[in-house]
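A.B. asks: Every letter in the sequence shown is one number past the one before it in our numbering, and letter 51, counting from 1, is 790. Positions of the beta carbon are idealized from the N, C-alpha and C atoms, including for glycine. Just passing along the structure, written as structure tokens.
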Amino acid sequence: SIKKNIEKFCINNSNLPKVKFVDNSLWLNDINYIKWLREYGKFFSVNKMLTMDSVSERLKRKQPLSFLEFNYMVFQAYDFFQLNNRENCSVQFGGSDQWGNIISGVDLIRRINKKETFGLTTPLITTSSGEKMGKTNKGSVWLDENLLSSDGYWQFWRNVDDKDVIKFLKLFTELNIEKIKKLKNQSTNEINQNKKLLADEATKLCHNKIEKDICVLKKKYIKNGLEAFEIVSINKKIINSKSDARRLIRGGAVKFNGKLIKDELEKISEKNLSNNKIEVSVGKKNHFTIHII
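Okay, here's the thing in structure tokens:
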């Protein structure tokens, strides 16, 4: 599953070596722990490990640090050592919080193999509020469709904070940087358009498709106007019933094409359409498109 998700972002070009995935179970599953400690444990200084930010910060805050977590540094270093032996791997990439673990691997390879290797880290991605984006945070985004549907993936990016839109367009899409710089976040409509662009491009990159929630309505039904609550209730996945649609409109939670719908009985007709479709927002987190055919 991990391999399948990562392969989506790998470039397999005939002029480049083919991307190879290696499972560390190849060398970890059959380890004789006592023998392994005698052979490799001597290369790791506990004193030095305690000075690593990932460890020292936890100790300063008096947060628990299990032996399992403490061992992670050792085994990540050993993974790098094995990859260097087996695949001649000389560079390890990771988030900035992995710096200590990566350096431990560089040091292990230098001491045993007498080779020079390198570590490269990138800053952890944070939102405008300073919150770290990661799998341990509530509402995390998954690449695997078994954990988060492509529609849910689209909705995640559509619902990011207004202040993060331009930053995330630069990080999570392949749009030309000059095009992104020209985008504006001044009016509510512009922000929402940019959010849709982010959601479309990020979903296309991850799932090779744009799959937001889409509903269909025949043009004959709105020729003479159709009440707003009837239109909203088309989406049975989001709206449980027509009474639910009425309640949401009364509560000021529904927008059509960015316009707040205040009256559940407001007639929506062809003049209200934008390119034969209605972009519906229900609250801040649910968005879908109704195509008029």
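State the DSSP-derived secondary structure class of residue 834, mapped to helix, strand or coil.
C.D. replies: Position 95 of the sequence shown, counted from the first residue, corresponds to residue 834. Looking at residue 834 - three-state DSSP - the assignment turns out to be strand.
A.B. asks: Please check the pair residue 910 and residue 851, which I expect to be a contact at CB under 8 Å, by giving their CB distance rounded to whole angstroms.
C.D. replies: Locating residue 910 in the sequence shown gives position 171, where the first residue counts as 1. Locating residue 851 in the sequence shown gives position 112, where the first residue counts as 1. With a Cβ gap of about 37 Å, residue 910 and residue 851 do not count as contacting.
A.B. asks: If you draw a straight line from the C-alpha of residue 849 to the C-alpha of residue 903, how long is it?
C.D. replies: To locate residue 849, count along the sequence shown from 1; it is residue 110. To locate residue 903, count along the sequence shown from 1; it is residue 164. Cα to Cα, residue 849 sits roughly 41 Å from residue 903.
A.B. asks: Nearest to residue 825 by alpha carbon, out of 943, 762 and 744?
C.D. replies: Indexing the sequence shown from 1 puts residue 825 at position 86. Cα-wise, what sits closest to residue 825 is 762.
A.B. asks: Does residue 800 pass the burial test, meaning 16 or more other C-beta atoms within 10 Å, or should it be called exposed?
C.D. replies: Counting from one through the sequence shown, the residue named residue 800 turns up at place 61. Classification of residue 800: exposed, given that the 10 Å Cβ count is below 16.
A.B. asks: Do residue 1027 and residue 1011 have their CB atoms nearer than 8 Å?
C.D. replies: Within the sequence shown, the letter at position 288 stands for residue 1027. Within the sequence shown, the letter at position 272 stands for residue 1011. It is not a contact, given that the beta carbons lie outside the stated cut-off.
A.B. asks: In whole angstroms, what separates the C-alpha of residue 1020 from that of residue 970?
C.D. replies: Residue numbering aside, residue 1020 sits at position 281 when the sequence shown is read from its first letter. Residue numbering aside, residue 970 sits at position 231 when the sequence shown is read from its first letter. Near 12 Å, if we compare the C-alpha coordinates of residue 970 and residue 1020.
A.B. asks: Express the C-alpha separation of residue 758 and residue 888 in angstroms, rounding to a whole number.
C.D. replies: For the purposes of this step, residue 888 is identified with residue 149 of the sequence shown, where counting begins at 1. For the purposes of this step, residue 758 is identified with residue 19 of the sequence shown, where counting begins at 1. Residue 888 and residue 758: Cα-Cα distance of roughly 26 Å.
A.B. asks: Spatial neighbours of residue 914 within its chain, please: C-beta separation below 7 Å, excluding the five flanking residues on both sides.
C.D. replies: To locate residue 914, count along the sequence shown from 1; it is residue 175. The answer, listed in chain order, is 908 and 940.
A.B. asks: Classify residue 840: buried if its beta carbon has 16 or more other beta carbons within 10 angstroms, exposed otherwise.
C.D. replies: Taking the first residue of the sequence shown as position 1, residue 840 is located at position 101. By the 10 Å Cβ count, residue 840 comes out buried.
A.B. asks: With 16 other CB atoms within 10 Å as the buried threshold, where does residue 1007 fall?
C.D. replies: Taking the sequence shown and counting its residues from 1, one reaches residue 1007 at position 268. With 16 or more Cβ atoms within 10 Å of its Cβ, residue 1007 is classed as buried.
A.B. asks: Runs of 4 residues minimum, wholly inside the segment 790 to 841: which ones carry the alpha helix (DSSP H) assignment?
C.D. replies: 792 to 799 and 806 to 826
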